[in-house]
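Residue numbers (the working numbering), protein chains in the order written: chain A, 47 to 370; chain B, 669 to 865.
Report on the following structure.
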């Protein structure tokens with residue numbers, strides 16, 4: 047049984063912000079919060095249900111895409127403007143979780159979901175992310191699913207969101223609302239590397255809500271995809287994934303976006319791979335050469351060394367699909 | 669008087685619980701684990717379950733799954749993993765399939781909930797239920813009510829175009845007996861019979 051908590055339904059955004067500032071956990075779809083409360087990983091004294099707030103709406107137009115934070119994963123994936131203008135987002139979403147969870151989980155909650163690291167989820171084991179200073183058993187323990195990029199001696203947990211990988215590739219931002227107003231933060235800056243403080247996962251301050259996702263216009267996002275490699279063909283987190291978009295003019299690559307998931311402690315954009323594609327002919331040899339730098343700086347652990355090769359092949363497969 | 673399987677189980681559980689309470693030892697608690705403090709909020713909820721208006725007074729911690737099973741006596745919805753990983757607890761809220769184990773009862777106040785008990789019309793099974801029987805789409809039955817609720821949703825969503833599509837959109841419901849091929853047969857049969865309710 048979960049620890050006890052006070053439950054309130056927020057009637058306004060400011061009400062929700064006040065309650066969050068006072069330490070309340072924010073409930074949207076509940077697929078992370080209720081799960082982690084059952085595991086005693088999260089033990090908030092107050093929970094504030096924000097589902098009645100007007101943080102909805104999906105608009106896709108000439109100036110880009112805006113998604114209200116309370117929109118559900120399934121609705122975003124099925125939105126015609128998303129499916130046609132930003133297939134990488136639609137595909138990242140439909141390959142996430144299960145249909146039931148996608149009907150529940152909000153976009154804001156998806157971006158704030160916590161790692162699936164088994165040590166983080168098990169309160170009977172140490173974990174620097176959950177209890178700073180207790181240690182990281184994953185370094186020498188079960189680490190097949192863990193990260194090879196962006197790791198530290200404190201934490202090697204993989205960031206689990208597929209959507210975040212697609213959004214980082216598209217240079218998206220999140221709008222944060224707090225008592226002093228709004229601020230827009232690039233998603234690539236929003237996530238913090240674990241370093242010595244893995245408990246600080248994002249730039250979100252206590253008392254701030256994610257209210258909206260903003261994706262800048264990108265013509266060639268129509269030519270994008272998300273490839274996810276996992277232990278079973280559905281309903282599983284990524285071992286490696288790639289979000290790619292290509293701007294192709296007369297069999298040459300004019301511009302490219304590449305980000306990868308399943309391998310990093312945060313969603314991992316790959317500017318070096320993008321640079322190695324830009325201006326080059328649209329041929330498999332270019333894809334392979336560009337992908338070679340994908341795992342530069344990787345620090346493989348005992349069980350996840352395969353990800354160094356796998357992530358390169360995943361990128362090549364995604365590029366090949368988009369080039370068709 | 670006829671006794672159901674459930675009456676027998678509940679009777680047996682009551683007897684063994686009474687025996688434990690009269691024994692010389694207190695019920696053990698895990699070392700160091702104080703029982704969690706109750707929530708300050710006891711919530712009064714009104715919701716509609718299978719078309720009937722229901723009211724409940726629940727602790728904020730109670731999930732929709734536990735409210736259905738323990739408070740409303742609707743035990744058709746099953747508790748599998750209780751962690752959002754198996755799909756056995758699938759119900760429809762406002763016509764959409766969701767996991768009742770990860771849904772706080774408090775968060776469905778005022779909403780329409782449909783459980784497996786709400787599929788049949790009297791003694792007439794829902795076509796998806798009939799298809800599961802016709803196709804032998806289950807063995808032990810633990811996952812079946814969740815499979816049925818997902819199958820009904822898959823048809824309604826229009827995600828049953830091919831066997832591959834059925835498998836993908838039924839993937840949130842695990843079956844440890846491995847009845848998957850027959851479950852796909854059942855969804856296909858229901859689709860071809862026009863079962864979109």
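Beta carbons: idealized from backbone N, C-alpha and C, even for Gly.
Q: Closer than 7 Å, Cβ to Cβ, to anything on chain B: give me those residues from the segment 62 to 90 of chain A, in chain order.
A: Going along the segment 62 to 90 of chain A in chain order, one finds 73, 76, 77, 80, 81, 84 with a Cβ nearer than 7 Å to chain B.
Q | Identity of the residues DSSP links to residue 310 of chain A by a beta bridge | A | Residue 310 of chain A sits at position 264 when you count from the first residue of the first chain. Looking at the DSSP output, residue 310 of chain A bridges to A:195.
Q.
With a threshold of 8 Å between beta-carbons, can residue 816 of chain B be considered close to chain A, or not?
A. One-based indexing of the second chain puts residue 816 of chain B at position 148. With respect to chain A, the C-beta atom of residue 816 of chain B has no partner C-beta closer than 8 Å.
Q: Just the C-alpha distance for residue 338 of chain A and residue 358 of chain A, rounded to the nearest angstrom, thanks.
A: Within the first chain, residue 338 of chain A is the residue found at index 292, counting from 1. Within the first chain, residue 358 of chain A is the residue found at index 312, counting from 1. When rounded, the distance between both Cα atoms is 6 Å.
Q.
Across the segment 130 to 139 of chain A and the segment 263 to 282 of chain A, are there enough close Cβ pairs to call them in contact, namely three or more that are closer than 8 Å?
A. Look at the beta carbons and you see the segment 130 to 139 of chain A touching the segment 263 to 282 of chain A: at least three pairs across the two are nearer than 8 Å.
Q. According to the Cβ coordinates, are residue 756 of chain B and residue 811 of chain B closer than 8 Å?
A. Along the second chain, read from residue 1 onward, the residue named residue 756 of chain B stands at position 88. Along the second chain, read from residue 1 onward, the residue named residue 811 of chain B stands at position 143. Residue 811 of chain B sits close to residue 756 of chain B, with the two beta carbons spaced by under 8 Å.
**Q.** Residue range of the unbroken alpha helix (DSSP H) whose run includes residue 321 of chain A
**A.** Here residue 321 of chain A corresponds to residue number 275 of the first chain, with the count starting at 1. 317 to 323 is the span of the alpha helix (DSSP H), which, as asked, contains residue 321 of chain A.
Q. Under a CB-based cut-off of 8 Å, is residue 169 of chain A close to chain B?
A. Here residue 169 of chain A is taken as the residue at index 123 of the first chain, counted from 1. Residue 169 of chain A does not count as touching chain B.
Q) What is the residue span of the alpha helix (DSSP H) that residue 53 of chain A lies within? A) Start at 1 with the first residue of the first chain, and residue 53 of chain A comes out as number 7. Unbroken run through residue 53 of chain A is the beta strand (DSSP E), 52 to 55; no alpha helix (DSSP H).
Q.
Going by beta-carbon coordinates alone, are residue 94 of chain A and residue 770 of chain B separated by less than 8 Å?
A. Your numbering for residue 94 of chain A matches position 48 in the first chain. Your numbering for residue 770 of chain B matches position 102 in the second chain. Here residue 94 of chain A is not near residue 770 of chain B, since their CB atoms are 8 Å or more apart.
Q: Could you give the DSSP three-state label for residue 116 of chain A: helix, strand or coil?
A: Position 70 of the first chain holds residue 116 of chain A. Here residue 116 of chain A carries a coil assignment [DSSP, helix/strand/coil].
Q: For residue 860 of chain B, name the three-state secondary structure that DSSP assigns.
A: Along the second chain, read from residue 1 onward, the residue named residue 860 of chain B stands at position 192. For residue 860 of chain B, the three-state secondary structure derived from DSSP is helix.
Q: Using DSSP bridges, identify the partner residues of residue 289 of chain A.
A: Position 243 of the first chain, counted from the first residue, corresponds to residue 289 of chain A. DSSP, once it has assigned bridges, lists A:272, A:305 as partnering residue 289 of chain A.
Q. If we cut at 8 Å on Cβ distances, does residue 725 of chain B have a partner in chain D?
A. The structure shown has no chain D; the protein chains it does contain are A and B.
Q) Using a C-beta to C-beta distance shorter than 8 Å, which residues of chain B count as neighbours of residue 333 of chain A? A) In the first chain, residue 333 of chain A corresponds to position 287, counting from 1. Ordered by position in chain B, no residue passes the 8 Å Cβ test against residue 333 of chain A, which lies about 27 Å from the chain.
**Q.** Beta-carbon proximity check, residue 175 of chain A vs residue 245 of chain A, cutoff 8 Å
**A.** Counted from its first residue, the first chain places residue 175 of chain A at position 129. Counted from its first residue, the first chain places residue 245 of chain A at position 199. Residue 245 of chain A sits close to residue 175 of chain A, with the two beta carbons spaced by under 8 Å.
**Q.** The beta strand (DSSP E) enclosing residue 164 of chain A, as first and last residue numbers
**A.** By 1-based counting over the first chain, the position of residue 164 of chain A is 118. From DSSP, residue 164 of chain A is part of no beta strand (DSSP E) but of the alpha helix (DSSP H) over 164 to 167.
Q) Given residue 336 of chain A, which residues of its chain have a CB within under 7 Å of its CB, disregarding the five upstream and five downstream residues? A) Here residue 336 of chain A refers to the residue found at position 290 of the first chain. The beta carbon of residue 336 of chain A sits closer than 7 Å to those of 319, 322, 323, all from its chain and outside the five residues before and after it, given in chain order.
Q) By how many angstroms is the C-alpha of residue 89 of chain A removed from the C-alpha of residue 729 of chain B? A) Counting from one through the second chain, the residue named residue 729 of chain B turns up at place 61. Counting from one through the first chain, the residue named residue 89 of chain A turns up at place 43. C-alpha separation (whole angstroms): 11 Å.
(Q) Rounded to the nearest angstrom, what separates residue 171 of chain A and residue 189 of chain A at their Cα positions? (A) Here residue 171 of chain A refers to the residue found at position 125 when the first chain is read from its first residue. Here residue 189 of chain A refers to the residue found at position 143 when the first chain is read from its first residue. Going by the C-alpha atoms only, they are around 14 Å apart.
Q) Taking Cβ-Cβ distances shorter than 7 Å, what residues in chain B pair up with residue 144 of chain A? A) Indexing the first chain from 1 puts residue 144 of chain A at position 98. In chain order, 755, 839, 840 make up the part of chain B whose C-beta sits under 7 Å from the C-beta of residue 144 of chain A.
Q: Could you give the DSSP three-state label for residue 44 of chain A: helix, strand or coil?
A: Residue 44 of chain A cannot be examined here, being either before or after the span of chain A that is shown, 47 to 370.
Q | Distance between residue 828 of chain B and residue 837 of chain B (C-alpha atoms, nearest Å) | A | Translated into the one-based positions of the second chain, residue 837 of chain B becomes position 169. Translated into the one-based positions of the second chain, residue 828 of chain B becomes position 160. When rounded, the distance between both Cα atoms is 8 Å.
Q: Check whether the Cβ atoms of residue 732 of chain B and residue 759 of chain B lie closer than 8 Å to each other.
A: Walking along the second chain from the start, residue 732 of chain B turns up at place 64. Walking along the second chain from the start, residue 759 of chain B turns up at place 91. Their beta carbons are under 8 Å apart, which means residue 732 of chain B touches residue 759 of chain B by this criterion.
Q.
Cβ closer than 8 Å: which chain A residues qualify as neighbours of residue 712 of chain B?
A. As a first step, residue 712 of chain B must be located in the second chain, where it is residue number 44. Ordered by position in chain A, no residue passes the 8 Å Cβ test against residue 712 of chain B, which lies about 12 Å from the chain.
**Q.** Sequence-distant residues of the same chain with beta carbon closer than 6 Å to residue 270 of chain A, five excluded per side
**A.** The residue given as residue 270 of chain A occupies position 224 in the first chain. Closer than 6 Å at the Cβ level, and outside the excluded window around residue 270 of chain A, lie 133, 134, 291.
Q) Rounded to the nearest angstrom, how far is the Cβ of residue 215 of chain A from that of residue 305 of chain A, given a contact under 8 Å? A) The residue labelled residue 215 of chain A in the question sits at position 169 within the first chain. The residue labelled residue 305 of chain A in the question sits at position 259 within the first chain. So it is a contact: roughly 4 Å between Cβ atoms.
Q. When burial is assigned at 16 or more other CB atoms within 10 Å of the CB, is residue 860 of chain B buried or exposed?
A. Residue mapping note: residue 860 of chain B aligns to position 192 of the second chain, counting from 1. Exposed, because fewer than 16 other Cβ atoms sit within 10 Å of the Cβ of residue 860 of chain B.
Q: Thinking residue 297 of chain A and residue 328 of chain A are a contact (beta carbons under 8 Å), I'd like their distance in whole angstroms, please.
A: As a working note, residue 297 of chain A is residue 251 in the first chain. As a working note, residue 328 of chain A is residue 282 in the first chain. So it is a contact: roughly 5 Å between Cβ atoms.
Q.
Taking only three categories from DSSP, how would you classify residue 785 of chain B?
A. Taking the first residue of the second chain as position 1, residue 785 of chain B is located at position 117. The DSSP-derived three-state label of residue 785 of chain B is helix.
Q) Going along chain B in order, which residues have a C-beta closer than 7 Å to the C-beta of residue 281 of chain A? A) What you label residue 281 of chain A is simply residue 235 of the first chain in a count that begins at 1. Those within 7 Å of residue 281 of chain A in chain B are 839, 840.
Q) With burial defined as no fewer than 16 other Cβ atoms inside 10 Å of the residue's Cβ, what is the status of residue 713 of chain B: buried or exposed? A) Numbered from 1 along the second chain, position 45 holds the residue referred to as residue 713 of chain B. By the neighbour-count rule (16 or more Cβ atoms within 10 Å), residue 713 of chain B is buried.
Q. What span of residues does the beta strand (DSSP E) with residue 104 of chain A cover, start to end?
A. Locating residue 104 of chain A in the first chain gives position 58, where the first residue counts as 1. Membership of residue 104 of chain A in the beta strand (DSSP E) is indicated by the continuous run 104 to 107.
Q | Nonlocal neighbours in the same chain, by C-beta distance under 6 Å from residue 198 of chain A, ignoring five residues either side | A | The residue given as residue 198 of chain A occupies position 152 in the first chain. Excluding sequence positions up to five before and after residue 198 of chain A, its CB lies within less than 6 Å of the CB of 240, 241, all in the same chain and listed in chain order.
Q: Can you tell me which of the three DSSP states residue 341 of chain A falls into?
A: On the first chain, position 295 is the one that residue 341 of chain A refers to. Under the three-state reduction of DSSP output, residue 341 of chain A falls in the coil class, being neither helix nor strand.
**Q.** For residue 313 of chain A and residue 110 of chain A, believed in contact at Cβ under 8 Å, the rounded distance
**A.** Counted from its first residue, the first chain places residue 110 of chain A at position 64. Counted from its first residue, the first chain places residue 313 of chain A at position 267. Going by Cβ atoms, the distance from residue 110 of chain A to residue 313 of chain A rounds to 19 Å, so no, they are not a contact pair.
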